[in-house]
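Numbering (the numbering used here), first residue to last: 89 to 520.
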């Protein structure tokens with residue numbers, strides 16, 4: 089695949105043969121793409137991700153050694169441990185994903201999909217479409233515009249809005265228990281100082297006594313980092329909209345990816361949607377295991393396993409990522425591809441009509457046509473039939489069945505869990 093730019097955008101095909109587009113002096117190297125420019129966040133991200141994994145292992149070890157004696161803490165440990173695992177995994181995958189963002193767009197360029205750029209200016213309203221598009225894909229100006237588009241993605245990834253997302257998730261996590269318990273904030277846990285001081289090791293006593301507070305500190309930090317990454321996932325999705333608004337593209341007929349060469353956009357959304365599916369997978373696994381049924385909880389209003397609350401929550405966690413991370417970003421591309429297919433089908437209709445006329449002539453004038461002319465007409469018909477057959481099914485979505493299958497596999501667990509929850513509810517409807 090791509091991805092070095094020496095002087096222009098340099099591409100490398102599967103055979104290792106390099107092809108260069110453009111000759112300007114600007115240099116772009118995807119490895120230098122700074123999805124995270126803030127040095128503190130850049131340093132914290134891998135540490136926080138592995139901190140989640142470390143806490144997961146630590147809690148597993150402490151539980152194995154019977155460190156905890158509080159029934160409430162013990163009852164919550166499986167969900168808390170798996171939650172740290174999901175959070176750490178999500179941060180690791182998100183850090184990998186944001187580094188790949190420029191590669192998806194550069195691969196699109198290297199496939200020569202981008203054919204023009206829309207010129208927006210003070211007089212753009214007076215221009216017609218032909219005048220407002222740079223048609224020549226070899227034009228240096230077009231390449232510069234495309235590189236500028238990639239740099240704009242980098243700028244938007246590091247926009248100040250990221251801090252708002254991080255702070256909101258931090259506050260929601262840190263203040264969750266105080267808001268729920270209000271005047272019963274569990275800093276002292278469930279222990280009495282006079283009863284348990286002499287019965288427990290100091291650290292064993294201290295950790296359980298301040299469990300909620302000690303647990304909220306790393307969880308809030310993880311939530312803050314997740315907020316920063318969620319902003320970047322949002323930018324990745326909306327960048328596809330901006331691509332369609334700023335550039336003209338031409339899908340490739342008969343491309344091997346079965347989506348007109350636009351599968352990089354589908355893969356980008358697949359990554360985004362798969363990462364966003366982790367919360368629904370987390371909830372689904374617990375629902376499938378049935379551990380939330382009659383689950384001993386520190387909150388007495390914990391909903392039962394077979395309730396509409398879990399059904400709505402699971403449905404939201406499953407559907408919203410598909411809509412906002414996969415379908416919505418690709419919708420504009422789909423509309424453009426549909427217009428492209430309509431324009432190509434008009435030509436196919438003409439080819440089909442010429443095939444009909446040629447075959448009709450052979451049928452009615454067979455005896456009058458000489459052998460040489462007959463062979464010429466026949467060969468022409470066969471060539472047109474091949475073209476017609478190969479291009480009559482033109483793609484209208486920037487993804488293929490492989491991408492769709494991978495998306496389905498990412499949501500197979502939520503689908504199974506959703507069916508399991510929905511089944512008893514449907515059965516209960518028979519009683520009404």
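Note that beta-carbon positions come from the ideal geometry of N, C-alpha and C, so glycine has one too.
Residue i (DSSP reduced to helix, strand or coil)
i, result
"residue 532", "Outside the displayed span of the chain (89 to 520) sits residue 532, for which this structure offers no information."
"residue 348", "coil"
"residue 342", "coil"
"residue 206", "strand"
"residue 199", "coil"
"residue 263", "coil"
"residue 184", "helix"
"residue 384", "Interpretation of residue 384 is limited by its pLDDT of 45, a score under 50 that renders its predicted location unreliable; the figure taken from the coordinates is listed afterwards. Reduced to three states, the DSSP call for residue 384 is coil."
"residue 153", "coil"
"residue 308", "helix"
"residue 219", "Below a pLDDT of 50, predicted positions are generally treated as unreliable, and residue 219, at 45, falls in that range; no measurement from the model is reported."
"residue 365", "coil"
Residue burial classification, residue i (beta-carbon count within 10 angstroms, cutoff 16)
i, result
"residue 185", "buried"
"residue 431", "exposed"
"residue 197", "buried"
"residue 333", "exposed"
"residue 524", "Nothing can be reported for residue 524: it is not among the residues displayed for the chain, which extend from 89 to 520."
"residue 154", "exposed"
"residue 409", "buried"
"residue 319", "buried"
"residue 149", "exposed"
"residue 496", "exposed"
"residue 323", "buried"
"residue 345", "buried"
"residue 534", "Absent from the structure is residue 534, since the part of the chain shown begins at 89 and ends at 520."
"residue 182", "buried"
"residue 339", "buried"
"residue 120", "exposed"
"residue 327", "buried"
"residue 437", "exposed"
"residue 458", "exposed"
"residue 342", "exposed"
"residue 435", "exposed"
"residue 357", "buried"
Among the options, the one whose alpha carbon lies nearest that of residue i
i, options, result
"residue 443", "263, 463, 472, 452", "472"
"residue 315", "362, 260, 353, 429", "260"
"residue 494", "440, 414, 437", "414"
"residue 433", "125, 481, 183, 412", "481"
"residue 136", "305, 232, 151, 239", "305"
"residue 253", "510, 362, 321", "321"
"residue 448", "466, 436, 437, 460", "466"
"residue 504", "458, 128, 403", "403"
"residue 203", "229, 262, 187", "229"
"residue 429", "440, 484, 168", "484"
Check: residue i C-beta below 8 Å from any heavy atom of the ligand NAP
i, result
"residue 415", "Although the ligand NAP was asked about, the structure shown includes no ligands whatsoever."
Closer than 9 Å to chain D by CB, residue i
i, result
"residue 251", "Checking the listed chains, one finds no chain D in this structure; it contains a single protein chain."
For this session: Just list the alpha helix (DSSP H) runs in the stretch 224-253, keeping only unbroken ones of 4 residues or longer that don't cross its boundaries, in chain order.
Result: 228-245
Exercise. Three or more C-beta pairs closer than 8 Å, one from the stretch 169-182 and one from the stretch 310-318: is that the case here?
Worked result: yes
Problem set entry | Any alpha helix (DSSP H) of 4 or more consecutive residues that is wholly inside the stretch 430-505 | 459-479, 489-498
Exercise. Per the contact definition of three or more C-beta pairs closer than 8 Å, is the stretch 239-256 in contact with the stretch 346-363?
Worked result: no
Exercise. Taking contact to mean at least 3 C-beta pairs separated by less than 8 Å, is the stretch 421-430 in contact with the stretch 371-378?
Worked result: no
Exercise. Which runs of the alpha helix (DSSP H), 4 residues or longer, sit entirely within the stretch 310-339?
Worked result: none
Problem set entry | Meets three-Cβ-pair contact criterion under 8 Å: the stretch 162-173 and the stretch 187-195 | no
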